[in-house]
């Protein structure tokens, strides 16, 4: 029996553009200690990383047992800044496409569960997904492939019959290492950077013609994505 087709989505920067909120929260947190970062540093070293990695890199002078409190502060700042959520262009359409065809949907994120649930509820997508995979709740988060392998396992799916959507370097590396055909989302990073990280294709959003050509092929003939 052939595995059902599945879609696996990152959350921040993929289903919604939240980078300005995260960047702002980090700037406040760092500013409290007389520091700051550039948007380029955020994009290359923070975006998509787990909080434990971020805190070790940017607060090496703070004892590690205090890092969770710093991370909690940053996430609280983020949640306080989110007053309205807009899904990425085409996101609702692809979710409808999936639901009408019985295609499994997973959201795979390094965001804390409180953030993920806030965002999914704000986007109106919480009841449209089959599973939510939180990287921090696993032994290893992205860029390790474990979160995506976990998503596939929970969906009863295989990498050969799945698509992943990611905007960060760590996320693309995780999805591609799991063997999934991966669309890089051109939310913040340039095309070549996304391709170099392992993306199979790069799109601006979920209205992209190349994506829908592939979905049409899926609907018509059960294609397999081999990477």
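Numbering (my numbering), first residue to last: 860 to 1086. All C-beta atoms, glycine included, are put in the ideal place defined by N, C-alpha and C. Just so you know, these numbers come straight off a predicted model, no measurement behind them.
Whose C-beta lies closer than 6 angstroms to the C-beta of residue i among residues of the same chain, with five residues either side of it excluded?
i, result
"residue 1075", "none"
"residue 985", "979"
"residue 1023", "867, 1034, 1039, 1041"
"residue 908", "1029"
"residue 1057", "1031, 1032, 1035"
Residues bridged to residue i by DSSP?
i, result
"residue 871", "875"
"residue 1023", "867, 1041"
"residue 963", "865"
"residue 968", "993"
Among residues of its own chain, excluding the 5 on either side of residue i, which ones have a beta-carbon nearer than 7 angstroms to its beta-carbon?
i, result
"residue 860", "Confidence is the limiting factor: at residue 860 the pLDDT is only 35, short of 50, which leaves the residue's position unreliable and the question unanswerable from this model."
"residue 1113", "Summary: the structure shown does not reach residue 1113, with the chain confined to residues 860 through 1086, and so no result is reported for it."
"residue 838", "Here the chain has residues from 860 to 1086 only, and residue 838 is not among them."
"residue 974", "934, 937, 938"
"residue 928", "none"
"residue 881", "871, 937"
"residue 1070", "1042, 1062"
Taking Cβ positions, are residue i and residue j nearer each other than 7 angstroms?
i, j, result
"residue 1038", "residue 1053", "no"
"residue 1026", "residue 873", "yes"
"residue 1059", "residue 1041", "yes"
"residue 910", "residue 939", "no"
"residue 1014", "residue 965", "yes"
"residue 971", "residue 934", "yes"
"residue 962", "residue 1007", "no"
"residue 948", "residue 1064", "yes"
"residue 887", "residue 936", "yes"
"residue 1087", "residue 1067", "Shown here, the chain extends from 860 to 1086; a query on residue 1087 therefore has no answer."
Mind checking which residues open and close the alpha helix (DSSP H) that includes residue i?
i, result
"residue 1010", "1005-1014"
"residue 921", "Careful: residue 921 lies outside any alpha helix (DSSP H) and carries neither H nor E."
"residue 933", "926-940"
"residue 1034", "1028-1036"
"residue 1050", "1050-1056"
From which residue to which residue does the beta strand (DSSP E) around residue i run?
i, result
"residue 1060", "1060-1062"
"residue 992", "990-993"
Taking 8 angstroms as the limit between beta carbons, can you name the residues of its chain near residue i, skipping five residues before and five after?
i, result
"residue 932", "888"
"residue 879", "none"
"residue 901", "878, 881, 882, 885"
> Pairing CB atoms from the region 861-876 with CB atoms from the region 938-958, are three or more of them under 8 angstroms?
Replying inline: Yes: the two stretches touch, three or more of their Cβ pairs being nearer than 8 angstroms.
>> Three Cβ pairs or more, each shorter than 8 angstroms: is that satisfied between the region 915-922 and the region 939-951?
In response: No, the region 915-922 does not touch the region 939-951.
> Counting pairs of Cβ atoms below 8 angstroms between the region 1027-1035 and the region 995-1002, do you hit three or more?
Replying inline: Contact between the region 1027-1035 and the region 995-1002 is present: 3 or more CB-CB pairs across the two stretches fall below 8 angstroms.
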